[in-house]
Amino acid sequence: MHEMSLALAVVDQVETAARGRRAPGVLSVRLDVGELAGVVAESLAFCFELACAGTVVEGAELITRTVPGTARCEPCAGDWDVGMPPQLLCPRCGAAAVELVSGRELLIREVRWAGPAAAGGPRRPQPITEEN
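For this note's numbering, count along the sequence shown from 1 and bump the result up by 318.
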């Protein structure tokens, strides 16, 4: 279950940012999750709650937004939503030479801070990978 490693990475990055802001807590974490990232939102939410235990992130709401998978055809420059399972042949010309444009990301879009740090506003989007 890679959702636990992803949840731990998100909590670690939010905790690091919270320390830098001297935030006493976190109200919510908003994530963009690509539909092709292989992440089960319910599993991620469950793992996030476990990963938050005993941290400054404990009690924070996890809000996820699914980012559709999109592709671009190299020969005809057509764009389309690939869906699940992904349709990787261009619906316009039938070519298989495609570039995935979106749908694989996992991005911290916003963190809402509790207490005095809340006045600092949302954090910049931070990419999260399984490696960090």
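Glycine included, C-beta positions come from ideal geometry on N, C-alpha and C.
Since the structure is predicted, the reported quantities are computational estimates derived from the model, not experimental observations.
Note that the C-beta distance between residue 414 and residue 344 is not below 8 Å. Nearest neighbour of residue 417 by Cα position, chosen from 351, 424, 320 and 388, turns out to be 388.
When DSSP assignments are scanned along the region 368–393, the uninterrupted stretches of beta strand (DSSP E) that are 3 or more residues long and fall wholly within it turn out to be 379–385 and 388–391.
When DSSP states are grouped into helix, strand and coil, residue 338 belongs to the helix group.
Listed in chain order, the non-local C-beta contacts of residue 369 below 6 Å within the same chain comprise 325, 326 and 329, local neighbours out to five positions each way being set aside.
For residue 343, the enclosing beta strand (DSSP E) begins and ends at 343–352. The alpha-carbon separation between residue 382 and residue 411 amounts to approximately 34 Å.
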